[in-house]
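Residue numbers (the numbering used here): 15 to 189.
Don't be surprised by glycine CBs; every beta carbon is placed ideally from N, CA and C.
Small disclaimer: the values here were computed from a predicted structure and weren't measured.
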């Protein structure tokens, strides 16, 4: 089960809204959705969790590039919402590394070509670690340091983050 919410910082504190990610296909779509939730150039956090598996935080500050933290990249990679967050840059890959160079393929049907593709699958699986990825300092200035962020469990992480921000009540209203 998934849960996603937007927390927008305003002059009056944090405002929360639940959000549907069904129409979000890219990180840019997600950033645009978050910017629409903010009346100005205030900070907006997108909080996403898959129950007991992983959580992610995307931070948008005005027109700056989104900052991302994902608690377990391998678990998130198995999720359609997680795939939105796991950009090539976040995983330390060059854009297009997972694209196959058609000119380099051996398409004559021999077993040699098949074993090469198996090797490629092993390489791409290794590129997604069973560990946190992203900006571990994403919430430092909001009261959640790197050490605290890494120590959060997926089952209560969003509640813990909201509590540290002073936004637990508004988050619970949309949960």
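Helix, strand or coil: how does DSSP classify residue i here?
{"i": "residue 152", "result": "coil"}
{"i": "residue 29", "result": "strand"}
{"i": "residue 162", "result": "helix"}
{"i": "residue 22", "result": "strand"}
{"i": "residue 188", "result": "helix"}
{"i": "residue 81", "result": "strand"}
Would you mind sorting residue i into buried or exposed? The rule is 16 or more other CB atoms within 10 Å of its CB.
{"i": "residue 27", "result": "exposed"}
{"i": "residue 57", "result": "buried"}
{"i": "residue 40", "result": "exposed"}
{"i": "residue 165", "result": "exposed"}
{"i": "residue 42", "result": "exposed"}
{"i": "residue 92", "result": "exposed"}
{"i": "residue 73", "result": "buried"}
By how many angstroms is the C-alpha of residue j removed from the C-alpha of residue i?
{"i": "residue 162", "j": "residue 150", "result": "10 Å"}
{"i": "residue 21", "j": "residue 29", "result": "6 Å"}
{"i": "residue 36", "j": "residue 187", "result": "21 Å"}
{"i": "residue 95", "j": "residue 25", "result": "30 Å"}
Which residues mark the beginning and the end of the alpha helix (DSSP H) in which residue i is found?
{"i": "residue 73", "result": "Counting along the chain, residue 73 falls outside any alpha helix (DSSP H), though it belongs to the beta strand (DSSP E) covering 68–75."}
{"i": "residue 43", "result": "41–51"}
Going along the chain, which residues of its own chain have a beta-carbon closer than 7 Å to the beta-carbon of residue i, five neighbours each way excluded?
{"i": "residue 158", "result": "175, 178"}
{"i": "residue 191", "result": "Not covered by the structure: residue 191. The range shown for the chain is 15 to 189."}
{"i": "residue 34", "result": "none"}
Give the range of the beta strand (DSSP E) segment to which residue i is assigned.
{"i": "residue 61", "result": "57–64"}
Within its chain, find whatever has a CB closer than 8 Å to the CB of residue i; leave out the 5 residues flanking it on each side and keep chain order.
{"i": "residue 109", "result": "102, 103"}
Apart from the five residues just before and just after residue i, which ones in its own chain have a Cβ nearer than 6 Å to its Cβ?
{"i": "residue 156", "result": "179"}
{"i": "residue 169", "result": "66"}
{"i": "residue 88", "result": "142, 144"}
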